[in-house]
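Numbering (the numbering used here), first residue to last: 5 to 212. For each residue, glycine too, the CB sits at the ideal point set by N, CA and C. Since the model is a prediction, treat every value here as computed from it, not as a measurement.
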């Protein structure tokens with residue numbers, strides 16, 4: 005039931021609870037202008053998105069994942085991010101990924117259309133699965149802003165401010181990644197884009 009709910013509201017995945025007889029989870033959704041906001045709490049489980057989930061997937065979305073509470077391990081594009089409270093990683097809906105969530109975890113996601121994110125990060129694929137620790141760059145500030153925004157949305161945030169706030173949050177996230185991964189952001193976006201496509205192709209056919 006949780007797999008079906010998650011797949012219908014976010015991305016198609018397979019969810020495997022560590023204990024099928026004792027598993028609880030909750031998903032809350034909202035919007036911030038062009039960005040979709042999600043908050044998930046769940047018990048220990050493994051989330052897997054495979055090539056078969058991606059074949060007929062709709063528009064490409066990148067999700068900034070904040071480990072708000074608990075811990076987990078996210079893997080994509082050959083990178084593995086061990087996430088603790090306040091840590092952030094980036095996920096590409098067009099590529100396979102895995103996410104192992106520990107008990108009593110709370111996760112917040114900002115789901116951004118690919119075209120919108122590429123205005124700020126020309127090759128976002130380079131950052132997927134990379135670990136942005138709470139102590140790196142502006143990550144601590146970003147985490148606080150994401151948590152505050154979600155609280156504001158729950159209490160009702162005027163649509164008049166949402167587009168402006170969405171732009172500011174994305175600018176803050178892009179700046180944080182630029183500070184921590186400076187060598188990646190200065191690389192040729194054309195070359196890095198081709199590199200990401202090659203890795204995506206490999207991931208898609210690896211199990212063939």
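According to DSSP, residues forming a beta bridge with residue i
| i | result |
| --- | --- |
| residue 76 | 87, 105 |
| residue 49 | 21, 105 |
| residue 67 | 95, 115 |
| residue 146 | For residue 146, which the question treats as bridged, DSSP gives no partner whatsoever. |
| residue 29 | 46 |
| residue 34 | 41 |
| residue 136 | 92 |
| residue 110 | 45, 73 |
Buried versus exposed, by CB contacts within 10 Å (16 or more), residue i
| i | result |
| --- | --- |
| residue 116 | buried |
| residue 74 | buried |
| residue 65 | buried |
| residue 76 | buried |
| residue 23 | exposed |
| residue 153 | buried |
| residue 91 | buried |
| residue 164 | exposed |
| residue 138 | buried |
| residue 60 | exposed |
| residue 147 | buried |
| residue 162 | exposed |
Under 8 angstroms between C-beta atoms of residue i and residue j
| i | j | result |
| --- | --- | --- |
| residue 48 | residue 106 | yes |
| residue 166 | residue 37 | yes |
| residue 130 | residue 93 | no |
| residue 50 | residue 20 | yes |
| residue 184 | residue 140 | yes |
| residue 95 | residue 67 | yes |
| residue 110 | residue 85 | no |
| residue 2 | residue 133 | The structure shown does not extend to residue 2, since the chain is modelled only from 5 to 212, so the question has no answer here. |
| residue 149 | residue 125 | no |
Residue from the options with nearest C-alpha to residue i
| i | options | result |
| --- | --- | --- |
| residue 145 | 126, 165, 174 | 174 |
| residue 15 | 102, 153, 86, 151 | 102 |
| residue 206 | 128, 138, 124, 98 | 98 |
| residue 12 | 35, 80, 57, 26 | 57 |
| residue 31 | 25, 40, 55, 9 | 9 |
| residue 158 | 41, 83, 54, 138 | 41 |
| residue 54 | 120, 17, 104, 118 | 17 |
| residue 119 | 63, 108, 161, 151 | 63 |
| residue 142 | 25, 122, 27, 182 | 182 |
| residue 108 | 82, 28, 5, 202 | 28 |
| residue 202 | 39, 82, 70, 179 | 82 |
| residue 128 | 33, 35, 179 | 179 |
| residue 151 | 34, 5, 25, 26 | 34 |
| residue 121 | 39, 25, 160 | 39 |
Can at least three beta-carbon pairs, one atom from the region 114-130 and one from the region 160-174, be found at a separation below 8 angstroms? yes
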